[in-house]
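What follows is one structure encoded as structure tokens, with my remarks underneath.
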Amino acid sequence: MKRVYLTIILALGLCLGVNAQRAKSVILVYLDGGPAQTDTFDPKPEAGRNIYGNYKGVIKTNVEGIEIGEKLPLLATMADKYSLIRTMTHGSNAHETGHYAMITGDTSGSGVVYPSFGAVISYMKRDSYNGILPCYISLTSANSRFNEGGFLGNEYKSFDTGGKPEAKEYEVEGVVNKQVNRQRMEQRMSLLNNFETQPIDKHHIDSLRGVNMEFIWGDSREIFNLQEESDSVRQRYGKSRLGQSCLVARRLVEAGVPFVNVRTTGWDTHKKHFQKMNTMLPELDKALSALIADLDARGLLDSTIVLCGGEFGRTPAVLWEAPWNGGRAHFGKVFSYLVAGGGFHGGKVVGKSSETGEKVLERPVRPCDLIGTVYQLMGIDPYGTLPHISEGNLPILPSLLDNSKEGGLLYEITDLKTKDYE
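Numbering (the working numbering), first residue to last: 162 to 583.
See below:
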């Protein structure tokens with residue numbers, strides 16, 4: 162009976178279609194390891210030092226009633242440009258399952274390995290996207306805890322740039338190599354052609370090489386050249402790996418790339434949490450505020466979704482004792498995400514956590530709720546299907562079909578209408 166019910170839901174979704182596409186690109190600023198919600202987007206200054214730790218202070222934003230952590234003053238000046246989800250939840254305290262939930266939206270517990278939502282968007286945009294650059298790009302590497310191509314296969318995994326965007330010259334793997342200039346590359350290609358006197362399918366091979374050479378030496382190569390940006394712009398983003406990666410992300414969406422993953426590590430702060438946050442939070446504040454402001458100034462924010470968060474949050478209670486010495490552990494029961502642009506409203510807060518930040522009090526938001534909303538804003542049916550090589554068509558977000566759990570798409574911070582599917 163349940164299978165019949167899910168089939169009906171899927172059929173209704175396919176028949177009704179989706180709203181007109183609002184977003185063209187997604188930038189995911191992924192804080193790998195799990196940022197502390199109480200130090201960032203859901204501060205608890207009245208909860209006592211065992212909860213707020215070294216950061217009792219909060220900052221009033223430019224939206225009345227919204228406060229964020231004291232280490233994010235630049236983001237506080239632009240709260241009208243983003244909304245905060247304070248009740249993300251999946252309940253897992255393990256990196257692997259937390260990553261999988263937040264990158265795929267799947268918490269069904271089935272034996273099927275789902276693709277990341279970047280891979281799904283890459284698959285769905287495979288015919289409409291005509292750029293030379295890959296459809297899905299990670300700066301500087303994608304999530305490594307599972308096969309993010311899932312059952313769609315490696316064709317839809319991200320292109321990982323590698324390299325150091327904060328360096329004088331950003332060497333992108335397979336594209337930019339300062340040891341090989343154009344003349345030397347042309348000499349290599351000439352030598353290769355001399356060896357291949359009778360290729361099996363010369364026309365096909367030449368076509369593929371033409372695309373590859375355009376990728377390596379065409380205009381797309383210059384997108385990674387941050388020396389084209391003024392020093393003042395680069396300073397505004399911050400000269401950190403995160404800051405310069407966010408600047409590259411802006412340049413990529415300007416070029417039309419549908420999905421850009423900015424993955425930054427180091428957020429797994431079991432020990433000496435506050436010492437690390439004294440550096441990492443200002444870097445995040447600079448990079449993320451500059452990205453949102455820059456997209457807005459260039460007329461790109463309305464068509465670009467910006468997401469910021471990790472695989473889970475961190476325990477509201479600080480672990481003062483040795484060996485942790487002021488650390489925070491994994492916490493998947495309730496954590497925060499920032500969302501902006503692409504059809505998401507600004508100046509809103511979704512959900513309410515308890516006084517100590519340890520429980521969801523109002524409006525739980527599951528990974529499938531967030532990712533399903535992103536899909537719909539990108540013109541993708543969140544109740545649609547994906548082809549599995551042996552299982553046939555499977556729901557894009559099986560967890561979204563589980564009506565026994567609270568949640569649902571984020572209608573309250575978008576113009577999406579429930580009547581589209583319900």
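Think of the CB as a built atom: it goes at the ideal place given N, C-alpha and C, for glycine as much as any other residue.
Mind checking residue i: buried by the 16 CB within 10 Å criterion, or exposed?
i	result
residue 444	buried
residue 587	What is shown of the chain runs 162 to 583, which leaves residue 587 out entirely.
residue 144	Lying outside 162 to 583, the shown extent of the chain, residue 144 is not represented and no answer is given.
residue 578	exposed
residue 428	buried
residue 550	exposed
residue 401	buried
residue 221	exposed
residue 433	exposed
residue 422	buried
residue 287	exposed
residue 406	buried
At the level of alpha carbons, what is the spacing between residue i and residue j?
i	j	result
residue 225	residue 449	21 Å
residue 211	residue 491	16 Å
residue 330	residue 533	38 Å
residue 200	residue 218	9 Å
residue 560	residue 251	11 Å
residue 188	residue 517	31 Å
residue 538	residue 483	47 Å
residue 475	residue 380	43 Å
residue 247	residue 282	25 Å
residue 573	residue 515	21 Å
residue 260	residue 306	7 Å
residue 563	residue 557	13 Å
residue 301	residue 391	22 Å
residue 566	residue 262	15 Å
residue 555	residue 455	38 Å
residue 426	residue 191	8 Å
residue 172	residue 553	Annotation note: pLDDT 43 at residue 172 (below 50); position unreliable, no value reported.
residue 336	residue 227	44 Å
residue 318	residue 327	24 Å
residue 208	residue 396	36 Å
residue 451	residue 258	31 Å
residue 239	residue 496	21 Å
residue 223	residue 457	16 Å
residue 543	residue 527	14 Å
residue 546	residue 504	23 Å
residue 486	residue 290	50 Å
Write down the C-beta distance between residue i and residue j rounded to the nearest angstrom, noting that I regard them as a contact closer than 8 Å.
i	j	result
residue 473	residue 254	7 Å
residue 489	residue 280	Residue 489 to residue 280, Cβ: 31 Å. No contact.
residue 242	residue 507	5 Å
residue 245	residue 511	7 Å
Suppose the cutoff is 7 Å on Cβ atoms and the five residues either side in sequence are ignored; what does the same chain contact list for residue i look like?
i	result
residue 587	Residue coverage of the chain in this structure runs from 162 to 583, which leaves residue 587 outside it and unanswerable.
residue 530	568, 569, 570 and 571
residue 535	187, 278 and 466
residue 203	247, 497, 514 and 518
So, at 6 Å on beta carbons, what are the nonlocal neighbours of residue i in its own chain, with the 5 sequence-adjacent residues on each side left out?
i	result
residue 168	Residue confidence is low: residue 168 scores 41 on pLDDT, short of 50, so the model does not pin down where it sits. Its coordinate-derived value is still stated next. Cβ neighbours of residue 168 beyond the five flanking positions: none.
residue 333	322, 324 and 385
residue 408	398
residue 513	522 and 523
residue 285	541
residue 412	384
residue 480	488
residue 525	248, 250, 567 and 568
residue 297	279, 283, 319 and 420
Starting from the C-beta of residue i, find all residues in its chain whose C-beta is less than 8 Å away, skip the five residues before and the five after it, and write them out in chain order.
i	result
residue 430	194, 197, 437, 438, 475, 488 and 489
residue 182	538, 539 and 540
residue 205	199, 212, 213, 477, 516, 517 and 518
residue 416	292, 294, 381 and 384
residue 271	559
- Message: Count Cβ pairs between the region 255-267 and the region 225-234 that sit closer than 8 Å; are there 3 or more?
- Response: no
- Per the contact definition of three or more C-beta pairs closer than 8 Å, is the region 271-285 in contact with the region 311-319? yes
- Query: So does the region 461-471 actually touch the region 490-509, counting three or more Cβ pairs closer than 8 Å?
  - Reply: Enough Cβ pairs lie closer than 8 Å, so yes.
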